[in-house]
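Chains as they are written, first to last, in this note's numbering: chain W, 2 to 224; chain E, 50 to 357. Heads up, the beta-carbon is just placed ideally off N, CA and C, and yes, glycines get one too. Note that the structure is a prediction, hence the values are computed from the model and not measured.
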Amino acid sequence: MTDAAAVFAIARLTAWRFVHGRLPWVGAIVAALPIAFAAALRGHASFAERSFEIEELLLVVLPAIAVAASITSELDDRAVTYLWSRPLARWTVMVGKLVVLAPFVVALVVASWIVSTAVGAGELASAASIGGLAAGALGATMTCAGLAIVAPRYGMVLAIVYMLCDGVVGEIPAHIQLISITHDAGELAGVTGSSPAIAAIGLVIVSTAWLAYGMRRIGRLEA
Amino acid sequence: MNTIELEHCSKWYGRILGLSDVSWRVPGGIVGLLGPNGAGKSTLMKMLAGLISPSRGTLSVFGVSPFSDPGVRGRIGYAPEHDQTWDEMTVFDLVSRLAELAGVPRGRAQSSARDAIEQVGMTGAADRRVRGLSKGMRQRTKLATAIAHDPDLLILDEPLGGVDPVARIEIVARIRDLAARGKTICVSSHVLYEIEALTAQIAVIDRGRIVAEGDVAEIRRRLGHRPHRIKLACDRPRAAAAALATADHVARIELSADALIVETTDLDRCYDDIGAAIRATGTIVSSLTALDSDLGAVVDSLTRGGGS
């Protein structure tokens with residue numbers, strides 16, 4: 002079985018479980034929270050100030066719920082023995098899940114931002130802000146996937162705590178803020194700074210490093 | 050080449066020793082892995098399935114390591130002891146998707162799944178969700194997931210655990226069918242008669258060590274210096290005991306209201322003398338059981354520390 006075939010088979014399995022599970026509903030409810038916030042502050046000056054920060058909270062919660070939980074749940078309940086006893090490299094399990102779940106997370110974050118901007122400010126979200134949030138959502142998803150493998154039993158909690166800390170690091174007025182996914186997303190969106198290229202590099206390095214770490218570590222885990 | 054080869058394999062879980070310096074070879078056929086709970090059976094089975102790697106020593110299946118070489122796992126079918134799986138799926142969905150993940154082309158996975166489900170006698174329940182299945186049905190479903198990709202080696206961890214007698218008979222028949230078709234099957238159990246129903250080739254494991262392996266009869270021969278125990282259920286146990294008591298090979302006799310248990314150092318002579326005693330006393334016998342031909346006695350003897 003080739004790695005590509007394995008990724009495809011895992012993606013099909015993940016898609017089936019995704020469609021038949023609760024995740025679409027849970028994700029939609031979480032993504033609706035910024036829209037509710039926008040509706041409450043419609044036309045208010047504080048909406049313009051806070052709307053992007055509120056939207057960034059989705060980067061803390063959604064990837065952890067959708068990706069970290071999905072990757073670690075089978076490890077926790079031992080169903081992973083069915084996957085790992087198959088003739089496929091374990092990293093293909095992570096990648097196959099990401100193929101399905103990453104677009105879901107990105108789409109929800111982007112959709113939530115577009116709708117909340119339309120509801121709260123009565124205007125269309127800028128292309129830059131959409132791109133920044135989409136990149137941030139993708140980076141957060143990859144990061145949470147890698148993080149989840151650090152401590153599979155607590156994967157989702159660990160991912161949420163990390164992303165909360167990520168937000169704090171992003172507020173530090175020093176170069177270290179470039180390792181913050183939420184900060185980099187803001188930079189790319191044109192909300193917080195003026196160096197989107199450096200922010201893009203920071204985002205790629207951090208999220209790729211975590212994903213690579215997870216893909217390497219999962220090969221050594223034992224069921 | 051042996052299907053399974055372990056050379057001085059040990060496995061630690063932190064400071065707990067799961068497997069201790071095990072060397073074992075399985076050329077083919079059905080081999081039973083027998084031992085009490087916590088003996089190391091599941092650890093060994095997981096190693097064979099490529100789920101965990103030995104901390105020390107080497108393990109190969111079809112000549113390669115199943116942990117580091119994923120390709121060989123396509124020739125292995127593994128049914129774990131636990132029941133956790135994707136319960137929201139139907140039996141058919143589960144078996145066909147796992148067949149696909151085992152390398153069966155997508156177009157053929159569904160027909161392979163149907164065949165496997167039929168082989169384990171689950172055709173009528175193929176569209177039922179796994180969540181609602183009985184223990185026996187779950188065991189058969191696990192067996193179907195293990196055989197759907199037509200593996201050469203089956204590793205079945207406690208496949209008869211918790212199933213009712215009817216299901217047990219069916220599962221035993223399926224496993225024997227698979228062995229008759231040339232599969233190598235490694236099956237574990239802590240329930241002795243389950244293994245006995247499947248095979249005479251056993252490896253006895255206790256505290257992480259294989260304490261005996263081979264044919265049950267061979268293992269018994271290795272225990273030859275130990276007294277054998279024969280239970281005679283009859284209407285006049287006291288009279289039969291009196292007739293046997295003087296024989297020099299009889300080490301001990303236990304009496305109860307409707308039976309006696311004879312401990313002997315010479316099994317053949319003991320059977321002769323029991324026959325003579327029955328005739329001489331006119332005793333009516335309801336059953337005659339050689340207690341230590343049961344695997345339980347073998348395990349007990351070996352795990353008490355007397356195994357050779």
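DSSP bridge partner residues for residue i (one or two, in chain order)
| i | result |
| --- | --- |
| residue 185 of chain W | BP columns for residue 185 of chain W are empty, so no partner. |
| residue 253 of chain E | E:83 and E:261 |
| residue 303 of chain E | E:310 |
| residue 58 of chain E | E:71 |
| residue 339 of chain E | E:279 |
| residue 125 of chain E | E:202 |
| residue 66 of chain E | E:61 |
| residue 178 of chain E | E:139 |
| residue 36 of chain E | Only positions 50 to 357 of chain E appear in the structure, and residue 36 of chain E is not among them; the question remains open. |
| residue 53 of chain E | E:75 and E:110 |
| residue 238 of chain E | E:83 |
| residue 105 of chain E | E:59 |
| residue 334 of chain E | E:283 |
Neighbour list for residue i in chain E, Cβ cutoff strictly below 7 Å
| i | result |
| --- | --- |
| residue 185 of chain W | The contacting residues do not exist; residue 185 of chain W stays about 35 Å from chain E at best. |
| residue 89 of chain W | 119 and 150 |
| residue 32 of chain W | In chain order: nothing, as chain E lies at least about 23 Å away. |
| residue 80 of chain W | 133, 134 and 135 |
| residue 10 of chain W | 149 and 150 |
Contact with chain W by residue i, beta-carbon distance below 8 Å
| i | result |
| --- | --- |
| residue 122 of chain E | yes |
| residue 355 of chain E | Only weak support is given to the placement of residue 355 of chain E: the predicted model assigns it a pLDDT of 47, under 50, and the value that follows is read from those uncertain coordinates. No, its Cβ sits nowhere closer than 8 Å to a Cβ of chain W. |
| residue 187 of chain E | no |
| residue 146 of chain E | yes |
| residue 134 of chain E | yes |
| residue 100 of chain E | yes |
| residue 194 of chain E | yes |
| residue 129 of chain E | yes |
| residue 125 of chain E | yes |
| residue 55 of chain E | no |
Partners in chain W for residue i, counting only beta-carbon separations shorter than 9 Å
| i | result |
| --- | --- |
| residue 177 of chain E | Within 9 Å Cβ-Cβ: nothing; residue 177 of chain E doesn't reach chain W, min ~15 Å. |
Contacts of residue i in chain W (Cβ-Cβ under 7 Å)
| i | result |
| --- | --- |
| residue 95 of chain E | 224 |
8 Å Cβ cutoff, residue i in contact with chain E
| i | result |
| --- | --- |
| residue 18 of chain W | yes |
| residue 27 of chain W | no |
| residue 74 of chain W | no |
| residue 2 of chain W | yes |
| residue 163 of chain W | no |
| residue 155 of chain W | no |
| residue 299 of chain W | Outside the displayed range of chain W (2 to 224) lies residue 299 of chain W, so it cannot be described from this structure. |
| residue 102 of chain W | no |
| residue 134 of chain W | no |
| residue 14 of chain W | yes |
Whole-Å CB distance - residue i paired with residue j, under 8 Å assumed
| i | j | result |
| --- | --- | --- |
| residue 147 of chain W | residue 211 of chain W | 3 Å |
| residue 12 of chain W | residue 100 of chain W | 4 Å |
| residue 100 of chain E | residue 55 of chain E | Their Cβ separation, rounded to whole angstroms, is 15 Å, which puts residue 100 of chain E and residue 55 of chain E out of contact at 8 Å. |
| residue 251 of chain E | residue 260 of chain E | Incorrect: roughly 11 Å between the Cβ atoms, too far for contact. |
| residue 235 of chain E | residue 75 of chain E | 6 Å |
| residue 69 of chain E | residue 257 of chain E | 4 Å |
| residue 304 of chain E | residue 328 of chain E | Going by Cβ atoms, the distance from residue 304 of chain E to residue 328 of chain E rounds to 20 Å, so no, they are not a contact pair. |
| residue 195 of chain E | residue 203 of chain E | 6 Å |
Contacts of residue i in chain W (Cβ-Cβ under 8 Å)
| i | result |
| --- | --- |
| residue 137 of chain E | 18, 21 and 22 |
Proximity of residue i and residue j at Cβ, strictly below 8 Å
| i | j | result |
| --- | --- | --- |
| residue 293 of chain E | residue 302 of chain E | yes |
| residue 24 of chain W | residue 67 of chain W | yes |
| residue 173 of chain E | residue 219 of chain E | no |
| residue 190 of chain E | residue 143 of chain E | yes |
| residue 215 of chain E | residue 188 of chain E | no |
| residue 284 of chain E | residue 332 of chain E | yes |
| residue 113 of chain W | residue 35 of chain W | yes |
| residue 47 of chain W | residue 98 of chain E | no |
| residue 139 of chain W | residue 107 of chain W | yes |
| residue 8 of chain W | residue 97 of chain W | yes |
| residue 91 of chain E | residue 206 of chain E | yes |
Chain E residues whose Cβ lies nearer than 9 Å to that of residue i
| i | result |
| --- | --- |
| residue 99 of chain W | None at all; the shortest Cβ gap to chain E is about 17 Å. |
Residue-chain proximity (residue i, chain C), Cβ-Cβ < 8 Å
| i | result |
| --- | --- |
| residue 94 of chain W | The structure shown has no chain C; the protein chains it does contain are W and E. |
Heavy atom of the ligand NAP within 7 Å of residue i beta-carbon
| i | result |
| --- | --- |
| residue 54 of chain W | Looking for the ligand NAP in the displayed structure turns up nothing, as the structure carries no ligands at all. |
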